[in-house]
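Under the working numbering, the first residue of the sequence shown carries the number 4, and numbering increases by one thereafter. Below you'll find the structure, written out as structure tokens, and then a few comments.
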Amino acid sequence: MRQIEELKEKERIANENVEGLMTDIAAAEEEIARWKVAAEQEAAAGGAVEQDFTSQRPESKHFLIDQVCLWCVALGEVIKGVSLVLELIDMFYF
């Protein structure tokens, strides 16, 4: 009789453990689903940022080319000024 009672108690404890594990598994599955949704949202946001960057890149490239051209023109003017100064120095001192 005593062994039967002990076995019933062990079965009850095992059932409680199984129930606890099933609860833990369900909670883990919910957490996994939340993380999956969050990861998908992050991936979508990253894709949008990449798409935005890619779409703006040609404009940025043209802007940079325009800026380089403006700097080249300005540099050309500076070089002309320096050349003029050198000519004046040459005329007056040599």
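For every residue, glycine included, the Cβ atom is placed at its ideal position computed from N, Cα and C. For clarity, every value in this text was computed on a predicted model and none was experimentally measured.
- Each residue's CA atom was taken as its position, placing Lys13 and Ala31 some 26 Å apart.
- Runs of the alpha helix (DSSP H) lying entirely within the stretch 19-86, each at least 4 residues long, are absent.
- Here the C-alpha atom of Glu53 lies approximately 22 Å from the C-alpha atom of Trp38.
- Per DSSP, reduced to three states, the secondary structure at Met4 is coil, with no helix or strand assignment.
- Distance from the CA atom of Leu91 to the CA atom of Lys83, rounded to whole angstroms, is 12 Å.
- For Phe66 and Val88, the gap between their C-alpha atoms comes out near 33 Å.
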